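**Q**
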């Protein structure tokens with residue numbers, strides 16, 4: 008459901024009417040003029056159970072907007088949780104007794120600008136393993152200034168994540184469409200999300216030489232984002248048939264490359280490149296895969312990276328059109344809702360949960 012009203016009490020009443028006794032998953036465009044603290048109070052007064060987050064843009068069917076609120080109605084919920092202090096690793100993952108014959112799906116929104124997101128996701132997987140599918144995204148502002156961005160009945164927080172575990176079957180598709188340009192290379196020194204050495208050398212110099220040769224022009228600290236938007240870094244992982252893509256965000260002192268998302272030392276990487284047609288087709292393929300598997304979908308969720316908008320520009324509309332039309336062909340009564348995020352979260356293939364960049368994740372919940 009899409010809401011365009013911004014008055015907290017009106018939003019809360021609309022959400023209560025829509026979800027009834029189920030759970031509301033709330034995604035808010037960052038330019039929406041709704042006071043989140045007041046919205047939390049209104050939802051609590053109405054007795055609505057909910058989790059939510061702020062994102063650069065929201066998705067409704069085949070459109071995006073910086074303003075607006077989209078709601079997913081979640082049934083058969085096992086638990087809701089606000090998990091704080093992600094960067095400090097000072098938290099406890101709730102324990103769950105999974106029923107052997109049941110299907111589960113875990114949805115999580117995490118502060119996309121905090122550190123140790125990968126550790127948090129690893130902790131989720133260590134506790135829940137392949138008992139559940141995983142889908143979610145990195146919340147926050149396109150300004151890239153960290154601020155409160157996830158919320159629940161307990162309040163509005165940064166450096167935190169909200170989690171909802173449901174006893175619901177899901178099918179999840181993950182694709183990005185980026186291809187190898189050059190590599191492999193080894194990350195010989197790294198700290199959290201910063202690459203400090205590649206092949207024991209200055210990482211910016213290596214990245215710069217490869218990209219300048221392909222793109223032309225000269226890359227500097229000031230124009231780095233103009234180029235890095237088209238040339239992400241791809242992590243090579245054993246047992247995974249696609250790269251885990253990382254967003255190169257900034258350069259420190261003409262040397263270290265700061266990324267969105269954790270990169271470990273001794274990781275093998277490639278420098279990637281993407282053509283618009285390949286990225287758009289990847290979104291369609293991801294959707295076709297899950298539509299063919301789903302038997303009785305009731306909910307569609309799209310988690311798409313905000314940087315794909317910057318790369319595709321006017322062509323981005325074709326990416327969402329592909330997703331929406333593919334779902335509508337089989338499930339014409341389902342709305343397609345989601346968010347443009349600062350990192351994408353999903354389990355795929357071998358079941359392990361990953362934090363992606365520059366990637367689209369499409370989920371159908373039954």
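Residue numbers (the working numbering): 8 to 373.
We put the beta carbon where it would ideally sit given N, CA and C, even for glycine.
From a predicted model like this one, the values you see are computed outputs, not experimental measurements.
1. Since residue 185 and residue 241 should fall inside the 8 Å C-beta cutoff, what is the C-beta to C-beta distance between them, to a whole number of angstroms?
2. Work out the CA separation of residue 140 and residue 130 for me, nearest whole Å.
3. Pick helix, strand or coil for residue 238, following the three-state DSSP scheme.
4. For the alpha helix (DSSP H) containing residue 290, name the first residue and the last one.
5. Closest to residue 100 by CA distance: which of 87, 281, 166 is it?
6. Do three or more CB pairs link the region 110-122 to the region 347-358 at distances below 8 Å?
7. Quick check: what's the CA-CA separation for residue 277 versus residue 189?
8. Mapping the DSSP letters down to three states, classify residue 323 as helix, strand or coil.
9. Measure the C-alpha to C-alpha separation of residue 5 and residue 342 and round it to an integer number of angstroms.
10. Cβ of residue 296 within 8 Å of Cβ of residue 224?
11. Give the straight-line distance between the Cα atoms of residue 237 and residue 222, rounded to the nearest whole angstrom.
12. With DSSP run on the structure shown, which of helix, strand or coil describes residue 252?
13. Run through the region 167-223 for me and flag every whole alpha helix (DSSP H) of 4 or more residues, listed as ranges in chain order.
14. Contact between the region 296-310 and the region 196-216: three or more CB pairs below 8 Å?
15. What is the rounded straight-line gap between the Cα of residue 366 and the Cα of residue 152?
16. With a threshold of 7 Å on Cβ separation, who are the neighbours of residue 13 within its own chain once the five nearest residues in sequence on each side are excluded?
17. Helix, strand or coil, according to DSSP, for residue 39 in the structure here?
18. To the nearest angstrom, report how far apart residue 291 and residue 105 are at their CA atoms.
19. By the 10 Å Cβ neighbour count, where 16 or more other Cβ atoms means buried, how is residue 68 classified, buried or exposed?
20. Taking the straight line between their C-alpha atoms, what separation do you get for residue 271 and residue 353?
21. Determine the closest residue to residue 109 out of 250, 137, 220, with distance taken between C-alpha atoms.
22. Output yes or no for whether 8 Å exceeds the beta carbon distance between residue 142 and residue 310.
23. Roughly how many angstroms separate the alpha carbons of residue 23 and residue 78, rounded to a whole number?
24. Where does residue 19 fall in DSSP's three states?
25. Quick one: residues in its chain with C-beta nearer than 6 Å to the C-beta of residue 175, no 5 flanking neighbours on either side, listed in chain order?
26. Which whole-angstrom value is the C-beta distance of residue 54 and residue 34, which I expect to be below 8 Å?
27. For the putative contact between residue 62 and residue 93, defined by C-beta atoms under 8 Å, what is the C-beta separation to the nearest angstrom?
**A** This is what the structure gives:
1. 6 Å
2. 15 Å
3. coil
4. 283-300
5. 87
6. yes
7. 6 Å
8. helix
9. What is shown of the chain runs 8 to 373, which leaves residue 5 out entirely.
10. no
11. 9 Å
12. strand
13. 210-222
14. no
15. 22 Å
16. 39, 40, 41
17. coil
18. 33 Å
19. buried
20. 19 Å
21. 137
22. yes
23. 11 Å
24. helix
25. 83, 112, 372
26. Contact flag wrong, Cβ pair sits at about 21 Å.
27. Not quite, the Cβ-Cβ distance comes to about 17 Å (not below 8 Å), so this is no contact.
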